[in-house]
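Here the structure is laid out as structure tokens; the discussion comes afterwards.
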Amino acid sequence: MQATVLWITIVLVVIIAAIFYYVIRSSTGSATPESVQRSAGMIRQLLFWGALVVGVVVLYVTLRPWPHSLPGGEPIVVNVTGAQWSWEVQPETVPVGQPIVFATTSTDVNHGIGIYDQNMRLVAQSQSMPGWTNRVEYTFTEPGTYKILCLEYCGLQHHEMIAEITATSGTAALE
Amino acid sequence: MATQAKAALASDLCPRVAMAVTGLVFVLLMVFGLLMRASQAGIMPLDPALFYQLMTAHGIGMVGASGFAGAAIMWYFMRQYVPVTNAIFWAITVIFLIGVVLILAAIFLMGAAPAWTFLYPLLAQSGGVWDANAALVYLIGLLLVGVAFLVFYLDVGWATIKAYGGLGRAMGWPQLFGAGGDAPPPAVVAGTVVTVVNTIALVPGAAIILISIVNVLIPSFGIDALIAKNMIYFFGHTFINAAIYMTIIAVYEIVPRYTGRPWKSTRIFLGAWFATLFMVMAVYPHHLFQDIVMPPWMLIMGQVLSYLSGFPILLVTTIGLLSNLYGSKVKWDLPLALLTLGVFGWAAGVVPAVLDGIISVNTVLHNTQFVPGHFHFYLLLGLVAMAFGFMLWLTRSRQSSSLSGFANLLLWLYVVGGLGVVGTFLYAGSASVPRRWAEHLPQWQGVDLIGALFSILVVLGALYFLIRYVVGFGGQPTSTEAAE
């Protein structure tokens, strides 16, 4: 996901840069304002309708299913409570292949849980707020040790708020 | 001529001083940014307490300076059309600077480091790092800055009503909805939209500051953390976007003087600003996508409006600039190059911003360095470039604005440095590096180092622009006309 987003960014930024370069190169030449306005109007219309269609498609694709939806039934719940500057994670071991709901809150200020896989790639996150419990679902697909990093600035030792959670395919899960 | 020049300088003195102050702040805070990147890279490690103080000063300083630069630009051009008050601009400059001094004192003398967003209740609950006095001084400083801006907008708003008979008329609503006659010039349309949205945004902004002050004094008095977050982001998002909108007025006003092609308030232009008026205030929930307890309809609204907010920028201002330049036989100089760069930075920065404004994407990019990647795109390469462009246009002479040789080199240093700073942030974000971390893991530090090196180029370029401005401080923008 992240790499795709980066590549889309690079491609679109290069296209915008190329358009600016072309116009800057053409700025010292001569063209009547009327002809330029006519062309600009057509380009604007094309972009408007094109972007609108793309927008509707992107909206549909990215919002169905609802990104924050939770699994039905009685999923395994991991309670993650933040406090300056540590996490309390309960339980610390979960099974692979089953939806896990992280229920997260805070006892003091705003924190944020970022769940990182074994390659330190962010796979899910949620804010941890005092007075509220956010619930985010994630299914571990590989056994191993995952990290929970604080992703909301919370003061001096914000960068030291790191906890671990183990995903296992054995019987040790939830014990 | 000399007398005319002196009179012009006297009437411009306040915005000129304001821009000098903001230019200096920009460069200083860029150095802070460089220090933070160097620290994250591990080549010059800072104590985390100092890192977070620099981070707070960098954030609040850049937002404040951007707003102030935008206000000076807006004031400079709107005074051609509406009777704004010179004395009030001087007064708000003084109030603003007192607020800045208090904020800096709270950060560097008293240790406050709540980040510019000061998410409630961090100021009152610092974990023992700073005390209640530091929090109070910080908040009072913020309040003064807020008061300065509120007085500014009230003065501009009152002057606009006097000149146009109403804010709706000043935004060209009669012409937008079919009435005849000429619409107000683009500077007035954009300036009035900003006046309305920022006046509204300052109310919850001031309210959360006051609530935080009471909370520091009486800890048992609190507010719901989610409501507080909504208030802060409603204010913060609107304010920083309005800062860009104010700065873009320089493009609307200055570029036509180079090309000889007027920038007209067409119905499309008026419609874009009409839409912006509402969208800029309603889009802020895109900062709260990971606050999952938020009502889903608000999050969906945030995603939809994030996407639509790009339309006016790309379809009206960017195409407007490009069609103004195309085939205009324009003679390029440094101010025009910086203004054009600014619109590019704004337009290009929309791309990663819109992508991060998709909820499912945001889940794996929010609060990573992808976020400073996109906002540095439209601030560093957008707003700041336009502000320097305005400054150098304001004080230009044929010599001082030349784009040959050394000036060209420094401009390119700024462009390449800026793209490098932005690119390394975006790359690091896609590699899941969290933002606002004083200490980085070894595997992240290679990109940090590259980012730090690019930051040096940015500082050199910005320092050059500032020096050129200071050297030409008494110059006049009178020879800008296309006929030259």
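First to last, the sequence lines map onto chains C and H.
Quick note: to get the working numbering, add 1 to the position in the first sequence (first position is 1).
Quick note: to get the working numbering, add 14 to the position in the second sequence (first position is 1).
Even glycine gets a Cβ: it sits at the ideal position worked out from N, Cα and C.
Whole-Å CB distance - Q128 of chain C paired with E153 of chain C, under 8 Å assumed:
With a beta-carbon spacing of about 6 Å, Q128 of chain C and E153 of chain C fall inside the 8 Å limit used to define contacts.
C-beta neighbour in chain C for I268 of chain H, strict 8 Å
Not an interface residue.
Buried or exposed for D61 of chain H, please, with buried defined as at least 16 other CB atoms from any protein chain shown within 10 angstroms of its CB.
Burial call: exposed.
Nearest to G160 of chain H by CA position, among H:D370, H:L313 and H:I112, is which residue?
Nearest Cα to G160 of chain H within the set H:D370, H:L313 and H:I112: H:I112.
Per DSSP, what kind of secondary structure is K148 of chain C in: helix, strand or coil?
If DSSP states are grouped into helix, strand and coil, K148 of chain C belongs with the strands.
Please check if any C-beta of chain A sits within less than 8 Å of the C-beta of N80 of chain C.
Any reference to chain A falls outside this structure, whose protein chains are C and H.
May I ask you to list, following chain order, the residues of the region 305 to 329 of chain H that have a beta carbon less than 9 Å from some beta carbon of chain C?
When C-beta distances to chain C are compared with 9 Å, the residues of the region 305 to 329 of chain H below that value are D305, I306, V307, P310, L313, I314, Q317, V318, Y321, L322, G324, F325, L328 and L329, in chain order.
When the Cα atoms are used, what is the spatial distance from E176 of chain C to S87 of chain C?
Here E176 of chain C scores only 48 on pLDDT, less than 50, and its place in the model should not be relied on; the value that follows carries that caveat. Distance from the CA of E176 of chain C to the CA of S87 of chain C, rounded to the nearest whole angstrom, comes to 22 Å.
Sorted by chain position, which residues of the same chain lie with C-beta nearer than 8 Å to F122 of chain H's C-beta, five sequence neighbours on each side aside?
Apart from the 5 residues on each side of it in sequence, F122 of chain H sits with its Cβ closer than 8 Å to the Cβ of Q67 and A71 in its chain, given in chain order.
Using a 10 Å radius around the Cβ and a threshold of 16 neighbouring Cβ atoms, would you call D364 of chain H buried or exposed?
Before going further, note that residue 364 of chain H is Val rather than Asp in the sequence given. Counting other Cβ atoms within 10 Å of its Cβ, V364 of chain H reaches 16 or more and is therefore classed as buried.
Using only CA atoms, which one of H:L27, H:G387, H:W426 and H:Y478 lies nearest to G47 of chain H?
Closest by alpha carbon: H:G387.
My guess is that V97 of chain C and V78 of chain C are in contact by the Cβ rule of under 8 Å, so how many angstroms apart are they, rounded?
Between V97 of chain C and V78 of chain C a beta carbon distance of about 17 Å is seen, past the 8 Å cut, so the two are scored as non-contacting.
Just mark F439 of chain H as buried or exposed, buried being the case when its beta carbon has 16 or more other beta carbons within 10 Å.
With a 10 Å radius around the Cβ and a threshold of 16 neighbouring Cβ atoms, F439 of chain H comes out buried.
Selection from H:L153, H:L336 and H:T213 that minimises the alpha carbon distance to A257 of chain H:
The candidate whose alpha carbon is nearest that of A257 of chain H is H:T213.
For M43 of chain C, count neighbouring Cβ atoms within 10 angstroms of its own Cβ and tell me buried if that reaches 16, exposed if not.
By the 16-neighbour rule on beta-carbons within 10 angstroms, M43 of chain C is exposed.
From what residue to what residue does the beta strand (DSSP E) around W88 of chain C run?
Per DSSP, the continuous beta strand (DSSP E) segment holding W88 of chain C begins and ends at S87 to Q91.
Cβ of M130 of chain C less than 8 Å from any chain H Cβ?
By this cut-off, M130 of chain C is an interface position.
In chain order, what residues of the same chain have a beta carbon less than 8 Å from the beta carbon of V31 of chain H, not counting five sequence neighbours either side?
Excluding residues within five positions, the ones whose Cβ falls inside 8 Å are T107.
For Q128 of chain C, the residue or residues it bridges with in DSSP
The partner list for Q128 of chain C (beta bridge, DSSP) reads C:G113.
For P199 of chain H, which three-state DSSP category applies?
If DSSP states are grouped into helix, strand and coil, P199 of chain H belongs with coil.
Does E143 of chain C get closer than 8 Å to chain H when you measure Cβ to Cβ?
Answer no: the Cβ-Cβ gap between E143 of chain C and chain H never drops below 8 Å.
Given this structure, state the Cα-to-Cα distance separating A258 of chain C from S337 of chain H, to the nearest angstrom.
What is shown of chain C runs 2 to 176, which leaves residue 258 of chain C out entirely.
Alpha-carbon to alpha-carbon, N422 of chain H and F402 of chain H
Going from the Cα of F402 of chain H to the Cα of N422 of chain H covers about 15 Å.
My output table needs one value for T273 of chain H: the three-state DSSP class, helix, strand or coil.
It is helical.
I want to verify the contact list: residues of chain C whose CB lies under 8 Å from the CB of W451 of chain H, in sequence order.
What W451 of chain H touches in chain C: H159 and H160.
Check whether the Cβ of F358 of chain H lies closer than 8 Å to any Cβ atom in chain C.
Contact with chain C is found for F358 of chain H, since one of that chain's Cβ atoms lies less than 8 Å from the residue's Cβ.
May I ask you to verify whether the region 126 to 140 of chain H touches the region 110 to 119 of chain C, counting CB pairs closer than 8 Å and requiring at least 3?
Yes, they touch.
Report yes or no: is there a C-beta of chain H within less than 8 Å of the C-beta of T29 of chain C?
At a cut-off of 8 Å, the C-beta of T29 of chain C has a neighbouring C-beta in chain H.
Once you ignore the five residues that flank L64 of chain H on each side, which residues in its own chain have a CB closer than 6 Å to its CB?
Excluding sequence neighbours, L64 of chain H sits near nothing in its chain.
So with Cβ pairs under 8 Å, would you call I464 of chain H a contact of chain C?
By this cut-off, I464 of chain H is not an interface position.
From the beta carbon of V230 of chain H, is the nearest beta carbon of chain C less than 8 Å away?
Answer no: the Cβ-Cβ gap between V230 of chain H and chain C never drops below 8 Å.
In chain order, what residues of the same chain lie with their CB nearer than 7 Å to the CB of P233 of chain H, ignoring the 5 residues before and after it?
Within the same chain, A138 come within 7 Å of P233 of chain H by CB-CB distance, once the 5 residues on both sides are set aside.
With DSSP collapsed to three states, give me the class of A138 of chain H.
Residue state, collapsed to three classes: coil.
With H, G and I counted as helix, E and B as strand and the rest as coil, what does DSSP make of T252 of chain H?
Of the three classes helix, strand and coil, the one that applies to T252 of chain H here is helix, per DSSP.
Assuming L394 of chain H contacts V472 of chain H under a Cβ cut-off of 8 Å, what Cβ separation, rounded to an integer in Å, is found between them?
The C-beta distance from L394 of chain H to V472 of chain H rounds to 7 Å, short enough to meet the 8 Å contact threshold.
Taking DSSP as the reference, what is the three-state secondary structure of R39 of chain C?
R39 of chain C sits in a helix when the DSSP states are folded into three classes.
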